[in-house]
Structures are given as C-alpha cells and as structure tokens.
C-alpha cells in the first residue's frame, strides 16, 4: 500500500491539500492507496473517498483533540447514524487519559510539555478556551494539569448552565 498526502513539503501545514494528486496516484498504481490531508470531519473523509477513489484514509491533525472522529467515520461508512458528539465531561476525561498515556510512554516532564499543545485541540471551540489555553501552557506537572482541568470544568459548566446555553446538550 501507499499513503499519499495531497500537500507538498513546501506547503507544510499551509494551504489546502490537493486531493487530485491522490486520485492520480490511485489511477497509476495497483496497490491500495490511502489518502491524507485536510480530513477534519466525517464529511471530509467521505468526500475524499468519493473524489479520489482511494482505498482508505490516513488522518493526522484532524484527530488531534478529536479522537472520536474515527468512530464517527466508521459509523458513516457502515451506513449507521453518527454518534453524538462528546460531552464536555467526556472531552476533559479523554484529555486527562491522553496525558496519562503520554506519561506512561515517555515521562512526566516531556508528557506535560507535549500535552500543552494537545489540550488546545481538546478545548477548541469551547467556552473560555483562550483564557485557559494560556494557563495550560504554563503547567509543569500532571497534578497542576489535573487541577487546572478541574477548574476549567467548573468554569465551563457555569457557562453552560445559563438558560441560553443549557439547551445545547454539550454538558
């Protein structure tokens, strides 16, 4: 198999991936082709499969802070209803577990530094995310991270408890 990313090295993470390159490779080779680039939603993944004819998907940055994308894509490909988006509680629990796995794989110092980037993705689009992102980027230990995660949870829940936002179902 071969994986093709529809973006050049010079583009790095800028610009839009050129999926026509993936389609061209798919037509040119007899081995399975996996498409990669700009897959952030279920719709993106389905569109890539349709537009390129690729045999499968590779997802990188699109899953950062959103590991639920894989489950949703699998459901869509099976023709099943999409699962509900994760609640705030589920997002924060997954972020905490992510840090635990990083610590087990690396060490606390390295893991907490890496998690500073990942937490930004988990909080993307959430209330007060900008304020807390800056604070998360200053933590040095798992304990500090956990304490700040709990503080963020309280703050976000207060936000969602207002009548205006409670109906969103995210809590």
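Residue numbers (my numbering): 72 to 242.
Think of the CB as a built atom: it goes at the ideal place given N, C-alpha and C, for glycine as much as any other residue.
Separation of residue j from residue i, as counted between CA atoms
i, j, result
"residue 94", "residue 146", "24 Å"
"residue 78", "residue 226", "39 Å"
"residue 89", "residue 139", "25 Å"
"residue 199", "residue 229", "11 Å"
"residue 101", "residue 126", "11 Å"
"residue 243", "residue 73", "No information on residue 243 is available, as it lies outside the stretch 72 to 242 that the chain covers here."
"residue 153", "residue 141", "11 Å"
"residue 76", "residue 218", "39 Å"
"residue 231", "residue 209", "26 Å"
Collapsed DSSP secondary structure at residue i in the structure displayed
i, result
"residue 100", "coil"
"residue 228", "helix"
"residue 200", "helix"
"residue 76", "strand"
"residue 153", "coil"
"residue 169", "helix"
"residue 158", "coil"
"residue 208", "coil"
"residue 88", "coil"
First and last residue of the uninterrupted beta strand (DSSP E) at residue i
i, result
"residue 116", "Run containing residue 116: none in the beta strand (DSSP E); it sits in the alpha helix (DSSP H), 113-123."
"residue 108", "No beta strand (DSSP E) holds residue 108; DSSP gives it neither H nor E."
"residue 47", "With the chain represented from 72 up to 242, any question about residue 47 goes unanswered, as that position is not in the structure."
Residues of its chain near residue i, where Cβ-Cβ distance is below 6 Å and the 5 sequence neighbours each way are ignored
i, result
"residue 120", "none"
Proximal residues to residue i (C-beta, below 7 Å), its chain only, five neighbours per side dropped
i, result
"residue 109", "87, 88, 115"
Close Cβ partners of residue i (< 8 Å) along its chain, the five nearest in sequence each way excluded
i, result
"residue 192", "135, 136, 137"
"residue 197", "159, 162, 227"
Contact test: residue i Cβ vs the ligand COA heavy atom, cutoff 6 Å
i, result
"residue 118", "The ligand content of the structure shown is nil, which means the ligand COA is not present either."
Within the chosen definition, does the segment 184-195 reach the segment 157-173 through at least 3 CB pairs nearer than 8 Å?
-> yes
Are three or more beta carbon pairs between the segment 150-161 and the segment 200-219 nearer than 8 Å?
-> no
Taking three-plus beta-carbon pairs below 8 Å as touching, is the segment 216-223 in contact with the segment 192-208?
-> yes
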